[in-house]
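J.: Just so you know, full-length UniProt numbering puts the end of the sequence shown at 244, numbered straight through with nothing missing.
C-beta atoms are modelled at their ideal positions from N, C-alpha and C, and glycine is treated no differently.
These numbers come from a predicted model, not from an experiment.
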Amino acid sequence: MAELVFFSGTMDCGKSTLALQMDHNHRARGRGGVRFSRNDRAGASKISSRLGLETDAVEVVDATDFWDEVMHRRTQGQHVDYLICDEAQFYTPLQVEQLAKVVDEIGVDVFAFGISADFRTKLFPGSQRLIELADRVQLLQVEALCWCGQRATHNARTVDGVMVTEGAQVLVGDVDMAGSASLAPTPAVLGTAAEAAVGYETLCRRHYMRRVTAHGANLMAEQDQLLPFDVDACLWRGASGSSH
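(1) Alpha carbon to alpha carbon, what distance is there between Thr213 and Val34?
(2) In angstroms, rounded to a whole number, what distance separates the CA positions of His121 and Met209?
(3) Pull up the distance between the alpha-carbon of Val137 and that of Met1, whole angstroms please.
(4) Would you please state the rounded distance, in angstroms, between the beta carbons of Val102 and Trp67? I believe it to be under 8 Å.
(5) For Thr158, count neighbouring Cβ atoms within 10 angstroms of its own Cβ and tell me buried if that reaches 16, exposed if not.
(6) Would you please verify whether the beta carbon of Arg31 is less than 9 Å from any beta carbon of chain D?
(7) Would a C-beta distance cut-off of 9 Å place Tyr91 and Gly126 closer than the cut-off?
(8) Quick one: give me the first and last residue of the alpha helix (DSSP H) that residue 245 is part of.
(9) With Phe113 and Leu18 assumed to form a contact (beta carbons below 8 Å), what rounded beta-carbon distance in angstroms separates them?
(10) What alpha helix (DSSP H) runs, 4 residues minimum, are completely inside the region 58-125?
(11) Helix, strand or coil, according to DSSP, for Ala2 in the structure here?
(12) On the criterion of 16 or more Cβ atoms from any shown chain inside 10 Å, does Thr202 qualify as buried, or is it exposed?
(13) In three-state DSSP terms, what is Ala156?
(14) In angstroms with no decimal places, state the Cα-to-Cα distance between Arg41 and Leu53.
(15) Rounded to whole angstroms, what is the Cα-Cα separation between Asp62 and Lys46?
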(Lines of atoms letter the chains of each structure in order from A and count residues from 1; the text may use other names and numbers.)
(Lines give C-alpha, C1' and ligand atoms only; values in the text may rest on other atoms or scores of the structure.)
Protein backbone atom coordinates (compact mmCIF):
# COMPACT_ATOMS: atom_id res chain seq x y z
CA MET A 1 0.00 0.00 0.00
CA ALA A 2 1.11 3.55 -0.69
CA GLU A 3 2.43 5.58 2.23
CA LEU A 4 2.90 9.17 3.31
CA VAL A 5 6.29 9.24 5.03
CA PHE A 6 7.81 12.31 6.69
CA PHE A 7 11.59 12.28 7.06
CA SER A 8 12.51 14.91 9.61
CA GLY A 9 15.58 16.34 11.31
CA THR A 10 17.49 19.51 11.98
CA MET A 11 19.33 21.47 9.35
CA ASP A 12 22.52 19.83 8.11
CA CYS A 13 21.38 16.24 8.75
CA GLY A 14 21.18 15.10 5.13
CA LYS A 15 17.48 15.44 4.29
CA SER A 16 17.98 16.64 0.72
CA THR A 17 20.75 14.09 0.16
CA LEU A 18 18.37 11.32 1.16
CA ALA A 19 15.62 12.79 -1.02
CA LEU A 20 17.90 12.66 -4.07
CA GLN A 21 19.08 9.15 -3.22
CA MET A 22 15.52 7.86 -2.84
CA ASP A 23 14.53 9.43 -6.14
CA HIS A 24 17.49 7.74 -7.83
CA ASN A 25 16.68 4.35 -6.31
CA HIS A 26 13.03 4.43 -7.35
CA ARG A 27 13.81 5.60 -10.89
CA ALA A 28 16.42 2.86 -11.21
CA ARG A 29 13.64 0.33 -10.59
CA GLY A 30 11.48 1.78 -13.35
CA ARG A 31 9.13 3.82 -11.17
CA GLY A 32 7.97 7.22 -12.33
CA GLY A 33 8.10 10.13 -9.93
CA VAL A 34 7.93 13.89 -9.60
CA ARG A 35 10.30 15.98 -7.50
CA PHE A 36 8.96 19.01 -5.64
CA SER A 37 10.72 21.61 -3.51
CA ARG A 38 10.18 25.06 -2.07
CA ASN A 39 12.68 27.77 -1.12
CA ASP A 40 15.73 25.61 -1.76
CA ARG A 41 19.08 27.26 -0.96
CA ALA A 42 20.13 26.84 -4.62
CA GLY A 43 17.14 28.81 -5.91
CA ALA A 44 13.75 28.10 -7.42
CA SER A 45 12.92 24.72 -8.96
CA LYS A 46 15.90 22.94 -7.40
CA ILE A 47 16.68 20.24 -4.87
CA SER A 48 20.25 20.66 -3.68
CA SER A 49 22.40 18.95 -1.09
CA ARG A 50 25.30 20.44 0.83
CA LEU A 51 27.37 17.56 -0.54
CA GLY A 52 27.13 19.22 -3.94
CA LEU A 53 24.31 17.15 -5.45
CA GLU A 54 21.62 19.08 -7.29
CA THR A 55 18.72 18.35 -9.63
CA ASP A 56 15.69 20.07 -11.09
CA ALA A 57 12.35 20.05 -9.30
CA VAL A 58 8.91 21.59 -9.52
CA GLU A 59 8.76 24.72 -7.37
CA VAL A 60 5.89 24.64 -4.87
CA VAL A 61 3.98 27.89 -4.35
CA ASP A 62 0.90 28.68 -2.30
CA ALA A 63 -1.34 27.98 -5.31
CA THR A 64 0.14 24.51 -5.95
CA ASP A 65 -2.45 21.73 -5.76
CA PHE A 66 -0.79 18.31 -5.52
CA TRP A 67 -3.93 16.48 -6.54
CA ASP A 68 -4.11 18.52 -9.75
CA GLU A 69 -0.35 18.08 -10.32
CA VAL A 70 -0.65 14.29 -10.24
CA MET A 71 -3.92 14.02 -12.16
CA HIS A 72 -2.69 16.34 -14.92
CA ARG A 73 0.42 14.22 -15.48
CA ARG A 74 -1.54 10.97 -15.42
CA THR A 75 -4.07 12.22 -17.96
CA GLN A 76 -1.10 13.09 -20.17
CA GLY A 77 0.04 9.48 -20.01
CA GLN A 78 2.88 9.93 -17.51
CA HIS A 79 3.57 7.31 -14.87
CA VAL A 80 3.44 8.89 -11.40
CA ASP A 81 4.19 6.27 -8.79
CA TYR A 82 5.75 8.48 -6.13
CA LEU A 83 6.44 12.08 -5.15
CA ILE A 84 9.61 13.47 -3.60
CA CYS A 85 8.64 16.54 -1.56
CA ASP A 86 11.67 18.41 -0.23
CA GLU A 87 11.56 21.42 2.12
CA ALA A 88 8.10 20.23 3.12
CA GLN A 89 8.07 22.45 6.21
CA PHE A 90 7.23 25.33 3.86
CA TYR A 91 4.11 23.64 2.44
CA THR A 92 0.71 24.77 3.64
CA PRO A 93 -1.42 22.47 5.83
CA LEU A 94 -3.90 22.23 2.94
CA GLN A 95 -1.14 21.03 0.63
CA VAL A 96 -0.18 18.35 3.14
CA GLU A 97 -3.80 17.20 3.16
CA GLN A 98 -3.65 17.05 -0.64
CA LEU A 99 -0.59 14.81 -0.37
CA ALA A 100 -2.47 12.50 1.99
CA LYS A 101 -5.34 12.36 -0.49
CA VAL A 102 -2.94 11.47 -3.30
CA VAL A 103 -1.69 8.54 -1.21
CA ASP A 104 -5.12 7.29 -0.16
CA GLU A 105 -7.12 7.85 -3.35
CA ILE A 106 -4.58 7.26 -6.12
CA GLY A 107 -2.03 4.99 -4.44
CA VAL A 108 0.97 7.27 -5.00
CA ASP A 109 3.80 7.08 -2.47
CA VAL A 110 4.76 10.43 -0.97
CA PHE A 111 8.18 10.92 0.60
CA ALA A 112 8.34 14.28 2.36
CA PHE A 113 11.52 15.77 3.79
CA GLY A 114 11.73 18.76 6.11
CA ILE A 115 12.59 20.46 9.35
CA SER A 116 10.04 20.03 12.14
CA ALA A 117 10.65 23.19 14.19
CA ASP A 118 11.85 26.69 13.37
CA PHE A 119 14.50 28.80 15.11
CA ARG A 120 11.98 29.59 17.89
CA THR A 121 11.36 25.85 18.51
CA LYS A 122 7.85 26.27 17.08
CA LEU A 123 6.53 23.69 14.62
CA PHE A 124 6.21 24.83 11.03
CA PRO A 125 2.53 24.57 9.98
CA GLY A 126 3.41 22.15 7.18
CA SER A 127 5.51 19.97 9.46
CA GLN A 128 2.83 19.91 12.12
CA ARG A 129 0.24 18.69 9.63
CA LEU A 130 2.65 16.07 8.33
CA ILE A 131 3.24 14.77 11.86
CA GLU A 132 -0.52 14.60 12.33
CA LEU A 133 -1.27 12.79 9.06
CA ALA A 134 1.81 10.80 8.05
CA ASP A 135 1.77 7.01 8.09
CA ARG A 136 5.32 7.21 9.42
CA VAL A 137 7.49 9.97 10.82
CA GLN A 138 11.13 8.98 10.58
CA LEU A 139 14.02 10.84 12.23
CA LEU A 140 17.11 10.79 10.08
CA GLN A 141 19.96 8.71 11.42
CA VAL A 142 22.70 11.13 10.32
CA GLU A 143 23.12 13.41 13.31
CA ALA A 144 23.87 17.09 12.92
CA LEU A 145 26.32 18.30 15.56
CA CYS A 146 26.42 21.30 17.86
CA TRP A 147 29.68 23.26 18.03
CA CYS A 148 30.40 21.43 21.32
CA GLY A 149 30.30 18.06 19.57
CA GLN A 150 26.99 16.88 21.03
CA ARG A 151 24.00 15.92 18.90
CA ALA A 152 22.25 19.02 17.58
CA THR A 153 18.52 19.08 18.21
CA HIS A 154 17.61 22.73 17.56
CA ASN A 155 17.93 25.18 14.68
CA ALA A 156 19.16 28.61 15.76
CA ARG A 157 19.07 31.82 13.72
CA THR A 158 21.94 34.26 14.21
CA VAL A 159 22.33 37.93 13.32
CA ASP A 160 25.98 39.02 13.20
CA GLY A 161 26.82 35.86 15.19
CA VAL A 162 24.28 36.54 17.94
CA MET A 163 21.37 34.17 18.37
CA VAL A 164 17.90 35.68 17.93
CA THR A 165 14.49 34.26 18.83
CA GLU A 166 12.22 36.78 17.11
CA GLY A 167 11.54 37.51 13.47
CA ALA A 168 9.81 36.09 10.40
CA GLN A 169 9.42 32.32 10.52
CA VAL A 170 10.59 31.81 6.94
CA LEU A 171 13.95 33.26 5.95
CA VAL A 172 15.99 31.04 3.66
CA GLY A 173 19.59 30.55 4.68
CA ASP A 174 22.22 27.90 5.04
CA VAL A 175 24.66 26.30 7.46
CA ASP A 176 28.34 26.01 6.60
CA MET A 177 30.99 23.69 8.03
CA ALA A 178 31.62 26.06 10.94
CA GLY A 179 27.98 25.99 11.94
CA SER A 180 26.76 29.33 10.61
CA ALA A 181 26.66 31.17 7.33
CA SER A 182 25.82 34.62 6.11
CA LEU A 183 23.32 35.36 3.39
CA ALA A 184 21.89 38.37 1.64
CA PRO A 185 18.50 38.79 3.36
CA THR A 186 15.52 40.40 1.73
CA PRO A 187 14.75 43.83 3.27
CA ALA A 188 11.02 43.15 3.06
CA VAL A 189 11.52 40.16 5.33
CA LEU A 190 14.06 41.50 7.78
CA GLY A 191 13.19 45.18 7.87
CA THR A 192 15.87 47.12 9.76
CA ALA A 193 18.08 44.03 9.98
CA ALA A 194 18.46 43.88 6.20
CA GLU A 195 22.13 44.86 6.32
CA ALA A 196 23.04 42.34 9.04
CA ALA A 197 24.73 39.01 8.41
CA VAL A 198 22.02 36.43 9.01
CA GLY A 199 22.76 32.74 9.31
CA TYR A 200 21.69 29.49 10.91
CA GLU A 201 23.41 27.18 13.34
CA THR A 202 22.48 23.80 14.72
CA LEU A 203 22.77 23.58 18.52
CA CYS A 204 22.19 21.01 21.23
CA ARG A 205 19.32 21.86 23.58
CA ARG A 206 21.70 22.93 26.34
CA HIS A 207 23.40 25.59 24.26
CA TYR A 208 20.18 26.62 22.53
CA MET A 209 18.56 27.33 25.90
CA ARG A 210 21.65 29.25 27.03
CA ARG A 211 21.85 31.15 23.71
CA VAL A 212 25.50 30.17 23.27
CA THR A 213 26.50 29.95 19.61
CA ALA A 214 29.86 28.95 18.15
CA HIS A 215 30.65 32.64 17.67
CA GLY A 216 29.86 33.44 21.31
CA ALA A 217 31.87 30.49 22.58
CA ASN A 218 34.86 31.53 20.48
CA LEU A 219 34.71 35.08 21.84
CA MET A 220 34.70 33.78 25.41
CA ALA A 221 37.61 31.49 24.65
CA GLU A 222 39.61 34.35 23.13
CA GLN A 223 39.01 36.42 26.25
CA ASP A 224 39.94 33.50 28.54
CA GLN A 225 36.50 33.62 30.12
CA LEU A 226 34.92 30.57 31.72
CA LEU A 227 31.77 29.44 30.01
CA PRO A 228 29.04 29.45 32.69
CA PHE A 229 27.90 25.90 31.92
CA ASP A 230 31.44 24.52 32.43
CA VAL A 231 31.41 25.45 36.12
CA ASP A 232 29.66 23.19 38.62
CA ALA A 233 27.51 25.51 40.73
CA CYS A 234 27.93 23.46 43.92
CA LEU A 235 31.70 23.24 43.59
CA TRP A 236 31.88 26.96 42.83
CA ARG A 237 29.87 27.80 45.92
CA GLY A 238 32.00 25.46 48.05
CA ALA A 239 35.22 27.00 46.79
CA SER A 240 33.90 30.48 47.50
CA GLY A 241 32.91 29.47 51.02
CA SER A 242 36.29 27.95 51.82
CA SER A 243 38.06 31.21 51.08
CA HIS A 244 36.42 33.00 54.02
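T.: Walking through what the data contain:
(1) 38 Å
(2) Before going on, a small fix: residue 121 reads as Thr here, not His. CA-to-CA, the gap between Thr121 and Met209 works out to about 10 Å.
(3) Straight-line Cα distance between these residues: approximately 17 Å.
(4) 6 Å
(5) Buried, by the Cβ-count rule.
(6) The displayed structure is made up of one protein chain only, and chain D is not part of it.
(7) Annotated as proximal: Tyr91 and Gly126, with beta-carbon spacing under 9 Å.
(8) Only positions 1 to 244 of the chain appear in the structure, and residue 245 is not among them; the question remains open.
(9) 7 Å
(10) 66-75, 93-101
(11) coil
(12) buried
(13) strand
(14) 12 Å
(15) Between Asp62 and Lys46, the C-alpha separation is close to 17 Å.
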